[in-house]
Structures are given as structure tokens and as C-alpha cells.
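Asks:
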Amino acid sequence: MGSYILRRVLQVIPVFFGATLLIYYMVFAMPGDPIAALFGDRAPNPALLEALRAQYHLDEPFVVQYFYYIVGVFQLDFGTSFSGQPVIDVLQRTFPVTLRLAVMAIVLSFLLAILIGLFSAIFKGKLFDQLSLIVSLVFVSVPVFVICFLAQYFFGVQLGWFSPTVGSDNGWLGLTLPAITLAVGIYATSMRLTRSSTIETLGQDWVRTAYSKGLSRRRVIPVHVLRNSLIPMVTDTATTFGILMVGATVTEGIFNVPGVGNTLYQAILRHEAPTVVSFVTVFVIAYVFVNLLVDLLYGLLDPRIRYVK
Amino acid sequence: MKKKAGIALGVLTAGALALTGCAPDGGSGNSGGTETEFGIAYNADGGHAAWADAVANSISSTLGITAIGEPYPDFAGLREEVTNRTIDTAFRTGWQADYPGLYNFLGPLYATNAGSNDGDYSNEEFDALLAEGAAETDLDAANALFQQAQEILLEDLPVIPLWYSNVVGGYSENVENVEFDWHSVAVFDQITKADGSVVTANGSEPQNPLIPTNTNETGGGKILDAIFAGLVKYDTDGSAVNDVAESITVDSPTQLTVKIRPGLTFSNGEEVTSDNFIKAWNYGALASNEQLSSYFFEDIEGFSYDEDSELTGLVEVDPHTFTITLNKPAADFAQRLGYSAYFPLPDVAFDDIAAFGENPIGNGPYKLAAEGAWQHDVQIDLAVNETYDGPRTAQNSGLQIVFYATQDAAYADLLANQLDVLDAIPDSAFETYEDELGDRSVNQPAAIFQSFTIPESLEHFEGEEGILRRQAISMSIDRQQITDVIFQGTRTPASDFTSPVIDGWSDSLAGAEYLEYNPERAAELWAEANEISAWE
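Chains as they are written, first to last, in the numbering used here: chain A, 1 to 309; chain B, 310 to 845.
1) Under 9 Å between beta-carbons, which chain A residues line up against residue 561 of chain B? List them in chain order, please.
2) Please name the residues in the stretch 162-179 of chain A whose beta-carbon is closer than 7 Å to at least one beta-carbon of chain B, in chain order.
3) Spatial neighbours of residue 2 of chain A within its chain, please: C-beta separation below 7 Å, excluding the five flanking residues on both sides.
4) Once DSSP output is grouped into helix, strand and coil, what is the label at residue 710 of chain B?
5) Between which residues of its own chain and residue 844 of chain B is the CB-CB distance below 7 Å, once the five residues before and five after are set aside?
6) Which value, in whole angstroms, describes the spacing of the CA atoms of residue 619 of chain B and residue 405 of chain B?
7) Starting from residue 108 of chain A and walking both ways along the alpha helix (DSSP H), at which residues does that stretch end?
8) Contact criterion: CB-CB distance below 8 Å. Does residue 311 of chain A meet it with respect to chain B?
9) Just to confirm my understanding: we take residue 564 of chain B, look at its own chain, exclude 5 residues before and 5 after, and list those with CB closer than 6 Å. What are they?
10) Apart from the five residues just before and just after residue 713 of chain B, which ones in its own chain have a Cβ nearer than 6 Å to its Cβ?
11) Answer yes if the stretch 73-88 of chain A comes into contact with the stretch 417-430 of chain B, meaning at least three C-beta pairs across the two stretches below 8 Å, and no otherwise.
12) Please return the same chain residues whose Cβ sits closer than 7 Å to the Cβ of residue 44 of chain A, not counting the five positions on each side in sequence.
13) Beta-carbon of residue 155 of chain A versus every beta-carbon of chain B: anything under 8 Å?
14) Which residues in chain A have a C-beta closer than 8 Å to the C-beta of residue 846 of chain B? List them in chain order.
15) Give the single residue among B/357, B/372, B/359 and B/376 whose Cα lies nearest to the Cα of residue 365 of chain B.
16) Relative to the alpha-carbon of residue 457 of chain B, which residue among B/439, B/471 and B/467 has its alpha-carbon at the smallest distance?
17) Mind listing the chain B neighbours of residue 48 of chain A? Cutoff is C-beta to C-beta under 9 Å, in chain order.
18) Taking the beta carbon of residue 348 of chain B as the centre, do at least 16 other beta carbons fall within 10 Å, making it buried, or is it exposed?
19) When you compare the CB of residue 39 of chain A with every CB in chain C, is at least one pair closer than 8 Å?
20) In whole angstroms, what is the alpha-carbon distance linking residue 315 of chain A and residue 56 of chain A?
21) Is there at least one Cβ from chain A nearer than 8 Å to residue 713 of chain B's Cβ?
22) Going by beta carbon distance, what residues of the same chain come within less than 7 Å of residue 417 of chain B, once the five residues before and after it are set aside?
23) Taking buried to mean at least 16 other C-beta atoms within 10 Å of its own C-beta, is residue 395 of chain B buried or exposed?
24) Give the straight-line distance between the Cα atoms of residue 851 of chain B and residue 657 of chain B, rounded to the nearest whole angstrom.
25) Where in the stretch 718-777 of chain B do unbroken runs of the beta strand (DSSP E), each at least 3 residues long, occur, reported from the N-terminal end onward?
26) With which residues is residue 405 of chain B paired in a DSSP beta bridge?
27) Quick check: the Cα distance between residue 66 of chain A and residue 15 of chain A, rounded to an integer number of angstroms?
28) Looking at the strands, I want to know which residues DSSP matches up with residue 480 of chain B.
29) Would you kindly work out how many angstroms separate the C-alpha atoms of residue 827 of chain B and residue 811 of chain B, rounded to a whole number?
30) Tell me the residue span of the beta strand (DSSP E) that contains residue 556 of chain B.
31) Just curious, the beta strand (DSSP E) that residue 347 of chain B is in, first and last residue?
32) Check distances from the C-beta atoms of the stretch 69-84 of chain A to those of chain B and list, in chain order, the residues that come in under 7 Å.
33) On the three-pair Cβ rule with 8 Å, is the stretch 261-268 of chain A touching the stretch 118-133 of chain A?
34) Do residue 701 of chain B and residue 465 of chain B come within 8 Å of each other at the CB atom, strictly closer than that value?
35) CA-CA distance, residue 643 of chain B and residue 583 of chain B?
36) Pull up the DSSP beta-bridge partners for residue 541 of chain B, would you.
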């Protein structure tokens with residue numbers, strides 16, 4: 001087990017270099033001169049343009065630029081944005097916000113999906129099941145931005161239950177409305193996954209055996225059926241969590257959440273390589289660790305797929 | 310000019326277009342055998358697709374040629390091709406004035422070899438009139454010369470004027486006395502709020518540290534204008550009024566004398582003297598400081614882009630008087646002095662300019678509420694500066710500028726009365742905002758001129774043939790219909806190259822008829838051009 005974890009952690013190293021190199025190259029290859037764009041429609045003086053390019057090493061070949069960046073990273077200097085802020089500060093400011101939003105959305109969606117998915121499976125074909133399937137179909141087919149705009153308009157503007165935007169009020173409570181809309185977006189898939197895997201589990205021989213042994217439903221369903229039905233849900237939730245950590249750009253934009261999605265989008269528009277690469281690198285590393293966590297969780301849920309040496 | 314911050318209009322496409330990095334295909338060059346196309350390039354991240362296509366359609370249907378909008382993925386990509394002169398189509402251009410003067414719309418854009426003359430236009434007669442106007446110390450006489458110069462532009466059409474952008478804004482039920490000034494920002498100091506709380510306004514995260522000479526975009530500019538006071542300030546009609554200055558005398562077209570009102574202080578108690586201006590301007594001009602707005606000092610004697618040099622044209626006479634000597638006549642220099650690049654800096658700024666950019670200390674009607682009042686990507690809190698003495702004394706208890714990533718989010722807050730003042734209603738609400746806000750909505754012309762440039766080097770657009778074709782294209786665009794249908798009346802069709810909010814503007818210049826929709830005349834002119842050289 002220990003060596004397995006170690007090996008997985010070591011995998012981060014090639015992934016780190018691969019991802020940074022690739023992303024750095026992509027930002028480098030984007031058409032357009034970011035420094036000239038800083039001046040808007042006004043053409044800057046050539047001498048000033050050159051001086052600014054040199055300041056950000058933009059006049060150097062790609063490999064040299066990348067080298068400067070990597071050397072910086074090993075000194076915990078992730079570079080500075082064009083606005084002169086250390087990228088590490090931007091990371092520290094935006095990640096907690098996105099993390100809170102992602103955790104709230106995941107927990108909300110996970111709990112609802114398990115509860116409703118489980119009951120849908122038990123009452124398969126009944127009215128409850130039919131209704132929950134229709135609702136999830138609606139949720140999965142309506143685009144996220146429509147849900148966001150509707151929620152913002154009705155609960156924010158019309159009813160005034162929530163502030164329409166988040167802004168400085170980005171603690172757990174302030175993020176409630178965007179978290180709910182995000183949860184709605186991801187709920188449908190999770191719920192259907194729980195339902196189908198529970199139906200499959202319910203048909204297993206050992207479930208019949210458990211009942212025939214005289215175990216009550218209240219013991220069979222939560223302890224035996226639920227535990228075995230959770231495996232696909234764990235994978236799904238981990239993947240979704242990874243996606244949410246990258247920042248729900250659309251949701252963050254609509255609700256003005258100062259998270260990574262918004263910041264990264266602005267940085268891409270400005271061709272700010274240090275910011276873009278640092279953000280993406282953190283995403284990649286976070287993703288690797290979430291996946292590792294999932295693999296370890298598998299073992300807890302199902303001893304048969306526990307990693308053997 | 311101040312460029313608009315990168316407000317993401319593209320919420321729906323967010324991310325999707327960003328990393329694709331694909332350049333649009335070849336453009337309108339003569340691709341062997343097929344018919345010549347007339348392309349209008351625009352950046353797809355700026356919400357320009359609808360009007361570019363409408364303008365192209367208008368040209369196509371009037372002249373019977375193929376005109377198309379050519380999207381570029383982003384602003385930087387488009388600007389690079391424009392700057393390197395590799396673009397082989399017409400391309401969108403716009404100009405927001407730095408100060409309310411006619412010259413600011415003409416000199417930097419159309420004078421031979423001027424910095425932003427992206428189409429390489431050159432006309433000796435135009436240059437001569439412009440220089441004559443710049444050397445004229447009487448403002449009205451200068452404006453008359455600038456208007457004569459504009460009449461040459463109307464004939465030659467180096468760019469095709471389209472429309473003036475309006476400031477489209479609104480305010481909440483909680484505030485009164487909201488007025489928008491000539492450069493599209495609310496006059497914050499005169500806003501009153503019944504409940505006595507802080508006025509909230511929309512903004513965007515400043516893209517640079519808050520240093521006046523290094524701020525060239527509206528996000529930072531809005532904050533700087535609130536926390537600093539310049540020698541002059543602009544009234545809502547664009548006229549310059551003394552603020553810190555007691556008097557500004559134009560001694561000759563190259564010499565000004567500035568007198569500062571004694572007894573004014575920065576919010577840290579330091580007195581505002583000649584020295585604060587001279588040091589700040591020298592800092593902004595010094596080549597090695599790489600300030601984005603250094604070009605504002607290029608007319609002052611001693612300025613150099615290439616090496617560090619002192620602005621020898623700035624001379625202190627006494628603590629409250631200094632003289633400005635220019636290296637070429639610029640009679641409107643006094644008019645420029647309300648722009649943020651000319652703000653004074655306290656001595657403490659030069660001890661650690663980076664720290665100062667994070668927590669600036671100014672002499673304006675507002676000041677930062679506390680150390681660290683600038684919460685990046687979120688908002689900045691400003692308190693009333695009690696030591697300010699001048700024409701902009703705040704009538705409210707403070708100002709909170711909230712940074713929005715999208716205008717739609719800001720608009721939702723305005724509707725919920727969570728935001729007091731919004732100066733940019735999103736395009737998506739153009740149809741409904743007047744109903745939703747009633748008499749709390751604002752729609753008035755601003756100092757923003759929109760056009761597309763047809764470079765002189767473009768085939769068929771040189772010399773006599775080029776002038777005929779430019780006139781034909783201009784007269785084949787139904788500006789009124791496009792501004793009504795696509796912009797819901799939030800743009801005003803252009804009748805010159807400047808803006809209605811500028812002192813000296815006129816809608817009846819000779820040649821203004823070239824900017825009116827006239828399909829018959831357009832077709833005739835196009836046919837005349839075809840006699841010189843066939844389009845195909």
C-alpha cells in the first residue's frame with residue numbers, strides 16, 4: 001500500500017513537466033502580442049514596447065522563457081501578472097473560493113442523488129421513479145447558463161432571497177445560490193448513476209440471500225445495497241469535483257464569483273503565460289491527487305479491487 | 310486612449326474560443342480566380358460580430374460585391390496583424406478620447422506617421438491644417454481649423470466612420486443626482502443617497518498598479534479619478550474647469566504657466582506643490598520606468614523614448630508656480646491636464662512605488678478607506694477625503710467600486726438595488742432596460758468613435774480609385790438602421806470623426822453627406838471607380 005501511494009505521488013513529476021511545457025507552449029503559440037494589446041487601440045512607441053517585452057522575457061525564444069518560469073517555480077516564485085501581482089497571491093486568493101463552491105455543490109448534489117436515486121431504484125417504475133426521472137431529464141438538458149440566469153433573476157432580483165451576485169461576500173453562506181445551481185447541473189447524472197447501479201445490485205443473488213436469511217429491509221438497503229452501489233458514484237463524483245476545481249467559468253461569471261474560472265478566463269484573454277500555466281499546473285496536480293484518493297476509496301468500498309502488489 | 314477592460318461579453322463561449330488559437334483564414338486577398346472579397350476584420354471577443362456582419366451585408370447588397378465580416382479570435386491577435394501591417398482586409402478601429410478636445414480625435418490617428426495611424430493615411434494639406442490649429446492659442450479659432458482638416462478627411466475617408474457609442478447606464482432607487490460625464494463615468498461626488506450609506510458603482514479589476522502614469526484602462530482610471538485631483542477637471546459638457554490649479558496661462562503655443570492654489574494637501578497631510586507635479590511627470594516620462602501612459606509627456610521639452618532624460622521643459626518658479634515648455638506647438642495642452650497621467654504624486658510614492666500602487670495616497674475627493682482597501686478581483690472601498698478642497702467635494706459618505714467579470718452580473722445587481730450606479734448596461738438588456746429602469750435609465754452619446762479602417766496599401770484603395778471606392782462603401786452603409794436594429798438605439802450614427810460631447814463638434818461639415826446612406830450615389834461612385842480599374 002505504502003509503495004503504491006509513493007509510486008502514484010512520483011507520477012506527479014512527469015505530469016508536472018509535461019503539463020507545464022504543453023500549456024506554456026500553447027500560450028506562447030497564441031497569435032497576437034500581449035504587450036501591444038496592453039495599449040488598446042493606440043499603437044505603443046517601439047522603444048517602450050521592446051522594453052516591456054524584455055521585462056517579461058517575451059523577446060526570448062520559447063525554451064528560454066519556459067526555463068525562466070520553471071526555475072522560478074522551484075524557488076516558489078510563480079511569476080507575476082501584467083498587473084504586477086505575484087501569481088502565487090492570485091492562486092491563494094481564488095482557489096479557496098472555488099474550493100468552497102465546488103465542495104458545497106458536490107455535497108449537495110451527492111446527498112440528493114443518493115437519496116433520490118436509491119428510492120427511485122426501490123420504487124422502480126412507480127410514480128416517484130417516473131417523476132424523478134423526468135426532473136433529472138429536465139436538469140440534464142437545460143444548459144447551465146439558463147439555470148443560472150433563471151435562478152439569479154427569480155431568487156436574486158425578483159424575490160430578493162439572495163444577493164444576485166457574490167463579490168466580496170464569498171464565504172460559505174454567500175455562495176449558496178451559485179452552489180445550488182451548480183449542484184442542479186451535476187445532480188442528474190449522479191442520480192441516474194445511483195439508480196441504475198442500485199437496480200443492478202438489488203437483483204444480485206446475495207441480496208435475495210440476505211432477505212431470505214430474515215434480514216430486514218432497513219438493514220439490507222443501507223448496509224449492503226448502498227455500499228455496493230456507491231462505487232460508480234465515487235468515480236463520477238471525483239471526476240466532477242476535478243472539473244469543478246478548474247472553475248465553473250460560466251457560473252462564476254454570471255454570479256460574479258471571484259474564483260479561478262473567472263481569473264483564468266481573463267488571464268487567457270490577456271495571454272498572461274505565468275498566470276495561465278500556474279493555474280493549470282495546480283489543476284493537474286489537484287486532479288492527480290483526487291484520482292489517487294478515489295483509487296484508495298475503492299479499496300475501502302470493495303476489498304476485491306484493493307490494490308495488490 | 311483608455312481601453313475598455315476585457316469585460317467578458319462571451320459568457321456563453323467562455324473558454325471555448327480561448328485556447329484554440331486558430332487564426333482566421335487568409336482574409337480577402339486575391340485567392341486565385343475567385344471574386345475579390347471585401348473583408349472587415351474584427352476581434353470575436355468584443356461582441357462585434359453582429360454589426361460587422363450587418364455592415365458587410367449593407368455593402369454587399371448596395372454595391373453587388375461580396376463583403377464579409379472576418380472574425381479574429383481575440384483583440385491581441387487582430388492588433389498584431391494591424392501593427393505589423395500584415396493585415397490584408399479592412400479592420401475595425403475605435404477611439405475613446407483621453408480629454409475632450411477635437412485634436413485628440415485627429416492628431417494621433419490621421420497625421421502622417423502618427424502613432425495610431427493604422428491605415429498609413431497621409432495628406433499634406435490635412436497635416437498643415439492640423440499643425441496650424443495646434444499653434445493657435447484661441448480655442449475657437451483652433452477648432453475652426455480642426456474642422457477644416459476634418460472636411461479633408463470626409464473627402465478622403467482614411468477610415469469609414471460608423472457611429473458614436475453612447476453611455477448606456479442606470480441607477481438604483483436609493484440614489485439621486487446621478488449624471489454621467491463626457492467620458493461615460495458617473496459624476497460620483499455629486500450623487501446623494503438618502504440612507505447615508507456608501508454609494509456602490511460598477512468597475513473592473515485594475516490591470517495595473519494604481520499609479521496614474523501606468524494606468525491606461527478604464528478599470529484603474531475610474532478609481533484614480535476619484536482619489537486624485539488634477540490641475541483641471543472636466544465638466545459634464547467636456548469643458549475644463551480649474552481644480553488644483555488657480556490659473557493656467559498659455560503664454561505662447563509652446564509655453565504655459567501653471568499656478569497652484571496654496572494650502573491644498575494630499576490625504577496624508579503633505580502639501581501639494583509644484584514639485585509634486587514635476588516629480589510625478591518626470592517619473593511617468595522616464596524611459597526606464599516603462600510607464601504605459603508615457604506618451605502624454607512626449608510633447609514636453611526633454612522627453613525621450615529611447616533613453617532616460619529629464620523633462621527640462623518643467624521648471625519650478627516657486628512652490629506654487631511652474632512653467633511648462635513644449636517641444637512643438639500644442640495649444641490644447643492646457644485642455645489635456647485633467648487626464649489621470651497628469652495627476653501629482655506625494656513624495657512618499659517614490660520611496661516604494663510598488664507599495665504605493667497597492668495603497669495609493671491622493672489629493673482627490675475620495676481616499677482609500679483603509680490600508681488594503683483594494684480587494685483584488687472583488688472591490689475597492691473609498692472613503693470621503695475630508696482634506697479635499699475643490700469643485701468636486703463629495704455629497705455622499707463614500708464610494709465602493711465593485712469589480713464585475715460580466716456586465717450581466719452588474720445589471721442583475723442594479724435591478725435588485727444592490728448596486729447604485731451602472732455605466733454599462735449589457736447588450737443583452739438593450740431591449741428591456743428602459744422598461745425595467747424607467748426614468749433611472751441613461752442613454753447619451755459618449756466620447757467614443759467607432760469606425761473601420763481601410764488601409765492605404767489595400768489593393769483598389771489607393772489614389773483616385775481608392776477615394777471613389779471609400780466614398781461608395783461609406784454611402785452604402787445604412788447606419789441608422791444598424792444602430793436601431795442591432796444596437797437598439799444605443800449608438801448614434803456618426804457625422805464626423807470626433808464625438809458630439811466634444812467642444813467644437815459639428816454635424817454639418819462639408820462632406821458629411823458621404824456618411825449618409827445613399828445607395829444610388831454609392832453605386833454610381835463604385836461604377837466610376839470600376840472604370841479606373843475593374844474590381845474583379
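Glycine is no exception: its CB is placed at the ideal position from the N, C-alpha and C atoms. Keep in mind it's a predicted model, so treat the numbers as computed, not measured.
Replies: In this structure, then:
1) Those do not exist, as residue 561 of chain B stays about 27 Å from chain A at its closest Cβ, beyond 9 Å.
2) 163, 164, 165, 167 and 168
3) none
4) It is a strand residue.
5) Correct list, in chain order: 345, 374 and 769.
6) 30 Å
7) From DSSP, the alpha helix (DSSP H) with residue 108 of chain A extends over 87-122.
8) Because chain A in this structure spans residues 1 to 309, residue 311 of chain A falls outside the shown range and cannot be described.
9) So the qualifying residues of the chain are 634.
10) 511 and 719
11) no
12) 36
13) no
14) With chain B covering 310 to 845 only, the question about residue 846 of chain B has no answer from this structure.
15) B/376
16) For the residues B/439, B/471 and B/467, the minimum Cα distance to residue 457 of chain B belongs to B/439.
17) 596, 599, 600, 601, 603, 604 and 614
18) buried
19) Included in the structure are the protein chains A and B, with no chain C among them.
20) An answer regarding residue 315 of chain A cannot be provided, because it is not within the stretch 1 to 309 covered by chain A.
21) yes
22) 423, 424 and 425
23) exposed
24) Residue numbering for chain B in the displayed model covers 310 to 845; residue 851 of chain B lies beyond these limits and cannot be assessed.
25) 750-762
26) Bridge pairing for residue 405 of chain B: B/757 [DSSP].
27) 16 Å
28) B/730
29) Rounded to whole angstroms, residue 827 of chain B to residue 811 of chain B spans 27 Å at the Cα level.
30) From DSSP, the beta strand (DSSP E) with residue 556 of chain B extends over 554-561.
31) 346-352
32) Residues of the stretch 69-84 of chain A with a C-beta atom less than 7 Å from some C-beta of chain B are 82, 83 and 84, listed in chain order.
33) no
34) no
35) Looking at the two C-alpha atoms, the distance is approximately 16 Å.
36) B/551
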